[in-house]
Each structure stands twice: as C-alpha cells, then as structure tokens.
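Numbering (the numbering used here), first residue to last: 492 to 946.
A short write-up of the structure that comes next.
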Amino acid sequence: MTKSEELAGFVVRASYEDLSEEARYQLKIRVIDSLGCAIGALEGEPVGYIREHIEEFGRANVCTLIGAGLSSPDYAALYNSTLVRYLDFNDSYLAKGETCHPSDNLGAVLAASEYSKRSGKEFLTALAVAYQVQCRLSEVAPVRARGFDHTTQGSFAVACGVSKALGLDVDKTANAIGICGTAFNALRVTRTGALSHWKGLAYPNTAFCCTNATFLAMRGVSGPREVFEGNKGFMDAISGRFEVDWSKENLELVNRTIIKKYNAEIHAQSAIEGVLELKKEYGFSAMDIDGIEIDIFDVAYNIIGGGEEGDKTVVRTKEEADHSLHYMVAVALLDGQVMPEQYKPERIQKEDVQGLLRRVVVRPDQRYTSLFPEHHACRVTIRLKDGRVVSKEKLDYEGFFTNPMSWDGIVGKFRRLTEPYIDGELSKNIVDAVEHLEDIWVSDLTNLLGKIRVP
Numbered sequence: 492m493t494k495s496e497e498l499a500g501f502v503v504r505a506s507y508e509d510l511s512e513e514a515r516y517q518l519k520i521r522v523i524d525s526l527g528c529a530i531g532a533l534e535g536e537p538v539g540y541i542r543e544h545i546e547e548f549g550r551a552n553v554c555t556l557i558g559a560g561l562s563s564p565d566y567a568a569l570y571n572s573t574l575v576r577y578l579d580f581n582d583s584y585l586a587k588g589e590t591c592h593p594s595d596n597l598g599a600v601l602a603a604s605e606y607s608k609r610s611g612k613e614f615l616t617a618l619a620v621a622y623q624v625q626c627r628l629s630e631v632a633p634v635r636a637r638g639f640d641h642t643t644q645g646s647f648a649v650a651c652g653v654s655k656a657l658g659l660d661v662d663k664t665a666n667a668i669g670i671c672g673t674a675f676n677a678l679r680v681t682r683t684g685a686l687s688h689w690k691g692l693a694y695p696n697t698a699f700c701c702t703n704a705t706f707l708a709m710r711g712v713s714g715p716r717e718v719f720e721g722n723k724g725f726m727d728a729i730s731g732r733f734e735v736d737w738s739k740e741n742l743e744l745v746n747r748t749i750i751k752k753y754n755a756e757i758h759a760q761s762a763i764e765g766v767l768e769l770k771k772e773y774g775f776s777a778m779d780i781d782g783i784e785i786d787i788f789d790v791a792y793n794i795i796g797g798g799e800e801g802d803k804t805v806v807r808t809k810e811e812a813d814h815s816l817h818y819m820v821a822v823a824l825l826d827g828q829v830m831p832e833q834y835k836p837e838r839i840q841k842e843d844v845q846g847l848l849r850r851v852v853v854r855p856d857q858r859y860t861s862l863f864p865e866h867h868a869c870r871v872t873i874r875l876k877d878g879r880v881v882s883k884e885k886l887d888y889e890g891f892f893t894n895p896m897s898w899d900g901i902v903g904k905f906r907r908l909t910e911p912y913i914d915g916e917l918s919k920n921i922v923d924a925v926e927h928l929e930d931i932w933v934s935d936l937t938n939l940l941g942k943i944r945v946p
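What follows is the structure, given as structure tokens:
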C-alpha cells in the first residue's frame, strides 16, 4: 500500500464520532472566526479583482459566494478562501519548522459540502480532516527552510478535506492526493522580500486548484499514488524522509491551533499584547518613547523581524505592514489597537508610524527560541525619553492554546469585523447557526451567508 493510500484510508475512516467534545467546540470557534475574517474582508482590493474574475468566467450557479451570489465549487473555494485569508486575521498552527493557517481550508471544504448537500456534522468532520492533515504534515515535513511555501502541505489538506466532503472512496481520494500533492508546490518567495497581493492569494489559489483536481478525481481521473515516497516524489524532491502512521491518527490537532487577538502576523501577537499592557500600566504615550526593543524566538525574527526573510523597516503596503513587527508594534502604541483600519494606505504612510517603526529593534533570543512552539515567548522593553525603562516578558497571549479565547471572545471579534456589513439579526443568525452546526445542514449556513451583499 502506498503512503497516499494510507492517508486516503484515514480520510475515509474519519467520522464525527471520532471528534472529542473539545475538538467540536474548537472547530466551531474557528468557523465563526473564519467567517468573521471573511465578511470583514469584503471590500479588500484583491477581493474585488477575484470577484470581477469570477463574474466573467464562473457562471455555474452551484455554490455560495459570501456576499456575491453563486458560482462553481472551485470558484467558490477561491473566492471564499480569499475572503478568509485577506485580512491575515485567521487562525494558525505553529510547528517547530513550519507555520500554517488551517482555516485556509474552510472555503474549499464549505464549497464541497454545499455541493454534496452535507450535514453540519459532516462538514465539521471534513474540516477536521483538513486541519489534521495540514498540521501533521507541518510537524513532520516542514518545507520552509527548503524554500517552499506552507501552501505545499496545504495541497494535501485540501485534497483530503474536499474528498471527505464529497464522500469519495479510498481509490478516488488517493488519486486526489496524488494529483494535488504533485501539481501544486509553491515557492517561499511569496512571503519574502517586497510582498505582494499573492501573499494573501497563494492559499486561495491552492484551494481553487485542488478543489478542481479533487472533482476530477471524483470523475475518475487517476493520479500518481507514489506522490510521497516515489522516485522524485515529495520526499525526494522537497521534504526529505518522514513517517506518519495514519492508522493511529485522530482529529484532535485543531485543539492546538491558535486564534489571533490582533490583526497581525501570528508571531507578533505576544509582543503586541505586551506593549499594549506596558502602555496601560505605565501611562506613557507614543510621543514619550525613545526606543523599543523586542527579544523574541527566531521564527518571529526571521519572518517579521528583519531576519532571513528581509528588511522589515521598509513598509509601503498592507502586505508589508502586516508582516513587519516594527510596524505592528509601532502602530499598536500609537493607536492602542491593531485592527483592519491600521492597514489603510493613509495610515501606513503617516509620518508618526513611519518614524516610530524605525526606533524598533528586534533580536532573536535563544531562550525564547527553545520554548517555541510550546510557548509564544518574548520580552518587550520600552525606553522612554525621561530615562525610564519598562519591560515585560510574555509566554503567551489571549488566543494561544495555553490561554484560549472564549466563545464570547470570538463572537465579539466576529461582530467587530462584520458590523459594517451585516445587521444585528443576520449576525445573530450566523452565530447561532455555527453554534448549532451539528443540528443543521450546510445549506442552512450558506443560505445565511448568501444574504450578505458587498457594499
């Protein structure tokens, strides 16, 4: 049996009954979090480009586009995934050598579940499968250091989640895994250097392509079964050797995924919470600050702190701002928050934040690196112009798996993001639908999402 067939067996065997009560609860939290991010992104610049593209080419009236009518399952996966991802406010999973955003799979799984007329239980199960596959592969087969993007493992996750939602058998699921895992291996340059719209569109593209490919597998198209272990396969060409016994896997890794409290790159969360706590505790203003020092784990330093993925003091666009720890900390101290409005072009370009971000110094710290990913550790130090030096060490933040966000907290985030776009009654109905997903059909939820209109 090939490794893709072993993985396919795991996908086919998975059931709602395999999910613990905690995993079911955490999945619902991630669904409402993802939908909040999606609705809050309706006016995003590249979202408009994708909507225009689909209006011209995606004419099949099969699956719901949040706020924008109906289209084919693959285009629904593309559009809704773009919405979930654009704000860069959705969940994350931290492995030692990889960071991913498992809710990137929601758009594809939702589309396939709506197409297949699935129940809420079946949707949650398929989503849990996608979470488990992406998170486990991020642990055992990280690809970032080899120059590949985390969407590479995501291609396997989309194939598995969509196959589960479509009810494919082992053979067709293995074909989908083989096609997607072979065809969609993305480069890490997506997230290094000068950042572009593609940073937020790379995974939606994976969702689009892999949903399409999985439907081809459903029709009978075969794929390379030895995608993992074969000659010049995934292990040879990209990841190196690894082992996963899929016969012993569960669906519980969703419990280790983490929610963003601030609209900021995931590795910035503790530092932002730390500087805001210092500001509240000591009562200084941004004008009082002489300099800011952040000692942090090496992954944060390398991705958002000016390490191996490039200078983070040159900030001109949203994409550069939400991947610059210097900018995110500076704007937090100036505005008292980091939310979507902190990434408007006129805010990014203001002299106050451009000046303060250049007074931020970020350093990797071996002690905090050794605590990662079990902790989200850093120390923030602020030097004030009157000579005072204030400092705070953080080991986590509200939203990390050691300090999880409550249902009320996530509903508050949902309402904050969606208030400009939906009224109170529709907001309540969507929240209630997600809270009781096990008792409804996916179409009940998508019918509510279809009532939203782009401004």
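The beta carbon of each residue, even a glycine, is placed where N, CA and C say it ideally should be.
Please read all numbers here as calculations on a predicted model, not as lab measurements.
query: Assuming serine 495 and phenylalanine 719 form a contact by the criterion Cβ under 8 Å, report the distance between their Cβ atoms to the nearest whole angstrom.; result: 6 Å
query: Going by C-alpha distance, which of Lys752, Leu533, Ala617, Glu756 is nearest glutamate 764?; result: Lys752
query: Can you check DSSP and say which residues form a bridge with valine 881?; result: Ile873
query: Just how far apart, CA to CA, sit proline 864 and alanine 650?; result: 27 Å
query: If you follow the beta strand (DSSP E) that glycine 560 is in, where does it begin and where does it stop?; result: 560-562
query: Which word fits phenylalanine 699, buried or exposed, when buried means at least 16 other C-beta atoms lie within 10 angstroms of its C-beta?; result: buried
query: Quick check on proline 946: buried or exposed, where buried means 16 or more other Cβ atoms within 10 Å of its Cβ?; result: exposed
query: Taking the runs of the alpha helix (DSSP H) that are 4 residues or longer, which of them lie wholly in the region 741-805?; result: 760-773, 789-795
query: Quick one, which of Ile873, Arg635, Tyr888, Ser861 has its alpha-carbon nearest glutamate 772's?; result: Ile873
query: Classify proline 593: buried if its beta carbon has 16 or more other beta carbons within 10 angstroms, exposed otherwise.; result: buried
query: Mind checking who glutamate 589 pairs with in its DSSP beta bridge?; result: Ala586
query: Within 10 angstroms of its Cβ, does glutamine 833 collect 16 or more other Cβ (buried), or is it exposed?; result: buried
query: If distances are taken between C-alpha atoms only, which option among Asp781, Phe775, Leu848 comes closest to isoleucine 795?; result: Leu848
query: Taking the continuous alpha helix (DSSP H) assigned at arginine 854, which residues delimit it?; result: No alpha helix (DSSP H) contains arginine 854, which is instead part of the beta strand (DSSP E) from 851-855.
query: Alpha carbon to alpha carbon, what distance is there between histidine 688 and lysine 598?; result: Looking at the sequence shown, residue 598 is not lysine but glycine. Rounded to whole angstroms, glycine 598 to histidine 688 spans 18 Å at the Cα level.
query: DSSP on phenylalanine 639, reduced to helix/strand/coil?; result: strand
query: Serine 610 by DSSP, collapsed to three states: which one?; result: strand
query: Below 8 Å, how does it come out for the region 537-545 and the region 564-582: are there three or more Cβ pairs, yes or no?; result: yes
query: Which residues does DSSP pair with tryptophan 932 in a beta bridge?; result: Ser610
query: Give the DSSP bridge partners of cysteine 554, in chain order.; result: Ser562
query: With a cut-off of 7 Å, does the C-beta of histidine 866 fall near any C-beta of chain D?; result: In the structure shown, chain D does not exist; there is a single protein chain.
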